[in-house]
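Below: one structure, written as structure tokens.
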Amino acid sequence: MGTDPWWQRRLDVTPVAIVVRGTFIGKNGDKLRFAKLFLRGLKDVYDQFVLLMMVSVLWWVCVLLIVPGPPATVALFRMADPRNQSELPELRDFFRVIGESFRTAWAVAALTLPVIIVLLWNTLFFQGGASWFTILVPLWIVMVFIAAILMLYAFATVATMESGVRNAFRGATFLLVMRPFASGLLIVIVFVVMVLLAALVLPLILFGPAIMASVINRFALDGFNVEVIDPNRPTQERSSERSRGIGNDDGLKGWIGRIRGDRRRTR
19 MGTDPWWQRR
29 LDVTPVAIVV
39 RGTFIGKNGD
49 KLRFAKLFLR
59 GLKDVYDQFV
69 LLMMVSVLWW
79 VCVLLIVPGP
89 PATVALFRMA
99 DPRNQSELPE
109 LRDFFRVIGE
119 SFRTAWAVAA
129 LTLPVIIVLL
139 WNTLFFQGGA
149 SWFTILVPLW
159 IVMVFIAAIL
169 MLYAFATVAT
179 MESGVRNAFR
189 GATFLLVMRP
199 FASGLLIVIV
209 FVVMVLLAAL
219 VLPLILFGPA
229 IMASVINRFA
239 LDGFNVEVID
249 PNRPTQERSS
259 ERSRGIGNDD
269 GLKGWIGRIR
279 GDRRRTR
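Here the sequence shown stands for residues 19 to 285, numbered as in my numbering.
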């Protein structure tokens, strides 16, 4: 692999062959893990604030142009990969990924977007009508959410795992089947967040796509059991020193502790 940054390498990973820990949502620990992954996704946006803001705006432009929309979505997920924090990509990598993933991205979009559009059309057309198809509206709504999370998982798999179309859907299906409740809750929360941002318009344009991609990436990588190294996390040596009370007086907490210690010694 040489010394190339990770986003310029092809990862030889077969998503279906990876074992996932648990199914999420059932035990308190699983619920906490779900919340941690979601919050880490939000933190990823904060850590790459300027870059992901520019990428979000470019994504909207590409979507409006239609043709570069799907590959721009793959590029969005690639730029929002949490592993970027160790080797930050540049804005030009966004355009490079668009060119490299054009065919794969459009294949994913062609296999998912028509299904979502048809389901939405049926829901809107038959909702509140007198036809017996009206009883299928709740089912169609559920199917829209399932197809949407499957599509997002597929784009995340293409972006983060360098997968082709077949492995992208195998990985997306794997995540959906192994963690159905977490996936359902995830797509609902993402939808609610996007609606809230849409009420303010500008935050949706600047941060909406980045938030969606970062959160989905976190859940996808965790599902594939891919380790994400946090560059801000203390090393094992530093953690050991802190556990022994060495060097724990940094920052405001340490300053307050020193003041208290000085007061006790003067008494």
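All C-beta atoms, glycine included, are put in the ideal place defined by N, C-alpha and C. Everything numeric in this text was worked out from a predicted model, so none of it was measured.
Less than 8 Å between the C-beta atoms of residue i and residue j, yes or no?
i, j, result
"Arg96", "Val246", "no"
"Val92", "Val115", "yes"
"Tyr171", "Ala238", "yes"
"Leu109", "Leu69", "yes"
"Gly241", "Leu193", "yes"
Quick one: residues in its chain with C-beta nearer than 8 Å to the C-beta of residue i, no 5 flanking neighbours on either side, listed in chain order?
i, result
"Asn235", "Gly59, Asp62, Phe95, Ala98, Asp99, Pro100, Ala174, Ala177 and Thr178"
"Thr141", "Val155, Trp158, Ile159 and Val162"
"Phe113", "Ala93"
"Val206", "Phe163"
"Gly146", "Thr152"
"Trp150", "none"
"Ser74", "Leu94, Ile223, Leu224, Phe225, Gly226, Pro227 and Ala228"
"Trp78", "Ile223 and Pro227"
Assuming residue i and residue j are in contact, meaning their beta carbons sit under 8 Å apart, how far apart are those beta carbons, in whole angstroms?
i, j, result
"Phe225", "Met72", "In fact, because the Cβ distance is near 11 Å, the residues do not count as touching under 8 Å."
"Thr152", "Phe144", "5 Å"
"Arg233", "Phe67", "A small correction: the amino acid at residue 233 is Val; Arg does not occupy that position in the sequence shown. That pair is no contact at about 16 Å."
"Val183", "Ala125", "4 Å"
Residues in the same chain with beta-carbon distance under 6 Å from residue i, minus the five sequence neighbours each way, listed in chain order, please.
i, result
"Ile229", "Val63"
"Leu222", "Leu215 and Ala216"
"Thr253", "In this prediction, Thr253 scores a pLDDT of 49, lower than 50, which makes its location untrustworthy; the coordinate-derived value is nonetheless stated afterwards. None."
"Met169", "Thr130"
"Val81", "Gly87"
"Ala123", "Pro88, Pro89 and Val92"
For residue i, I'd like the list of residues in its chain whose CB is within less than 7 Å of its CB, leaving aside the five on either flank, ordered along the chain.
i, result
"Leu50", "none"
"Val244", "none"
* To do: Check whether the segment 212-226 touches the segment 182-189, counting contact only when three or more Cβ pairs, one atom from each stretch, lie closer than 8 Å.
  => Counting C-beta pairs with one atom in each stretch, the segment 212-226 and the segment 182-189 have fewer than three that are closer than 8 Å, which means they do not touch.
* Asked: Counting Cβ pairs, one atom from each stretch, are 3 or more of them under 8 Å apart for the segment 136-144 and the segment 160-170?
  -> Enough Cβ pairs lie closer than 8 Å, so yes.
* To do: Evaluate the contact criterion for the segment 106-120 versus the segment 82-91: three or more CB pairs, one atom per stretch, below 8 Å.
  => Three or more Cβ pairs closer than 8 Å define a contact, and the segment 106-120 meets that threshold against the segment 82-91.
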